[in-house]
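The structure under discussion appears below in the form of structure tokens.
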């Protein structure tokens with residue numbers, strides 16, 4: 190992997206973070222890999238891509254190695270070539286040794302849309318919550334945007350109800366449990 194240069198994971202960030210792509214599949218990313226999800230590319234301007242490159246100390250004349258599915262790898266490769274990268278390879282053995290993969294700490298606290306949808310549909314999911322669970326949209330003030338559009342089945346909570354003066358810290362667990370009961 191080292192000889193191929195800096196590894197870049199082209200998969201959606203949820204899989205890079207630590208969620209498995211399949212129920213019992215490998216989870217996480219290659220050690221020291223960066224995440225440049227192909228799904229971000231149509232939302233990133235050229236300037237934003239250059240900023241991402243700069244932020245990660247990448248040089249266009251240094252080697253990079255991409256991994257992910259063929260479509261995602263091709264999309265990221267094309268965009269990096271347009272940005273001036275000249276030494277791009279494919280990391281064909283990526284994700285093949287689950288024991289070496291890394292996950293972001295507490296990745297399961299940042300769920301992704303498909304996971305939530307599968308959970309709501311009663312499908313088997315990784316890191317399924319124990320016991321009862323609720324989806325709650327939290328925002329400050331009246332639920333204007335919530336009334337326009339929200340995750341099906343989600344309740345709404347005004348953050349004024351879960352924070353208390355004078356420091357605006359979260360209310361006690363007991364108060365929070367009573368509010369959600």
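Numbering (our numbering), first residue to last: 190 to 370.
Don't be surprised by glycine CBs; every beta carbon is placed ideally from N, CA and C.
Predicted, not measured: the structure shown is a model, and the values here were computed from it.
Problem set entry | Own chain, CB closer than 6 Å to residue 224, minus 5 neighbours either side, in chain order | 198, 202 and 205
Exercise. Apart from the five residues just before and just after residue 291, which ones in its own chain have a Cβ nearer than 7 Å to its Cβ?
Worked result: Excluding sequence neighbours, residue 291 sits near 217, 218 and 220.
For this session: Check each candidate in 246, 230, 239 and 248 and name the one with the smallest Cα separation from residue 264.
Result: 230
Exercise. What are the boundary residues of the beta strand (DSSP E) that residue 242 is part of?
Worked result: Under the DSSP assignment, residue 242 falls outside any beta strand (DSSP E), being part of the alpha helix (DSSP H) whose first and last residues are 235 to 244.
Exercise. Quick one: is residue 226 buried, meaning 16 or more other Cβ sit within 10 Å of its Cβ, or exposed?
Worked result: buried
For this session: Can you give me the start and stop residues for the alpha helix (DSSP H) that residue 256 sits inside?
Result: Note, residue 256: premise wrong, no alpha helix (DSSP H); beta strand (DSSP E) at 253 to 256.
Exercise. So residue 324 packs on residue 346, CB below 8 Å; how close in whole Å?
Worked result: The Cβ separation is near 11 Å, so there is no contact.
For this session: Have a look at 243, 294 and 256 and flag the residue whose alpha-carbon is nearest the alpha-carbon of residue 272.
Result: Checking every option, the nearest Cα to that of residue 272 belongs to 243.
Problem set entry | For residue 334 and residue 367, the rounded distance between their alpha carbons | 25 Å
Problem set entry | Given 8 Å, three or more beta-carbon pairs between the region 313 to 327 and the region 234 to 242 | With the cut-off at 8 Å, the region 313 to 327 and the region 234 to 242 do not touch.
Exercise. CA-CA distance, residue 200 and residue 303?
Worked result: Rounded to the nearest angstrom, the two C-alpha atoms are 14 Å apart.
For this session: Could you check the C-alpha separation between residue 211 and residue 299 for me, to the nearest Å?
Result: Cα to Cα, the separation comes out at about 17 Å.
For this session: Leaving aside the five residues before and after residue 287 along the sequence, list all residues of the same chain whose C-beta is less than 6 Å from its C-beta, in chain order.
Result: 215
Problem set entry | Paired residues, beta bridge with residue 328 - DSSP | 347
Problem set entry | Nearest neighbour of residue 293, chosen from 344, 282 and 208 [CA to CA] | 208
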